[in-house]
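>
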Amino acid sequence: MTSNSTPALELPTEIFDEEFETVGDHHRMAAHHFAAAAKLHLLAATADDEGDDEAAARHAYVAYRHQLNAVQYAEIAVMDSETMEDEDSLEIAAE
2 MTSNSTPALE
12 LPTEIFDEEF
22 ETVGDHHRMA
32 AHHFAAAAKL
42 HLLAATADDE
52 GDDEAAARHA
62 YVAYRHQLNA
72 VQYAEIAVMD
82 SETMEDEDSL
92 EIAAE
């Protein structure tokens, strides 16, 4: 049951229309890309089970790209988190 197209995930279009302004926006995009990667890995597994090496490789490649994007958004969310910055400031001040 493989397909030549990648699955589309439902995500509010306003996320793509606006600039990212909140840490929550970055978390939502990370979740979107992690979910897309998971779906594509499942498609790759199915394609592999069916002996369709080309589809398996294609799905795995796109899944990996989604994973990379997800990690980047997650890192941005952590770096932009004010609570983490506040904790770091307190640790530096205590030294």
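The letter at position 44 of the sequence shown is residue 45 when you use this note's numbering, and the numbering goes up by one with no holes. Don't be surprised by glycine CBs; every beta carbon is placed ideally from N, CA and C. This one's a predicted model, so the numbers in the text were calculated from it and none came from an experiment.
1) Less than 8 Å between the beta carbons of Ala45 and Ala71, yes or no?
2) For the alpha helix (DSSP H) that Glu55 lies in, which residues bound it at each end?
3) According to the Cβ coordinates, are His67 and Ala32 closer than 8 Å?
4) Judging by CA-CA distance, which residue of Thr47, Glu83 and Met30 is the nearest neighbour of Leu69?
5) Am I right that His34 and Asp81 are in contact with their C-beta atoms under 8 Å? What's the rounded C-beta distance?
6) Please classify Ala58 as buried or exposed, where buried requires at least 16 neighbouring CB atoms within 10 angstroms.
7) Note down the Cα distance separating Ser39 from Ala48, rounded to an integer number of angstroms.
Per the coordinate set shown:
1) no
2) Asp54 to Asp81
3) no
4) Met30
5) The Cβ separation is near 17 Å, so there is no contact.
6) exposed
7) The sequence as given places Ala at residue 39; Ser does not occur at that position. Those two C-alpha atoms are separated by around 14 Å.
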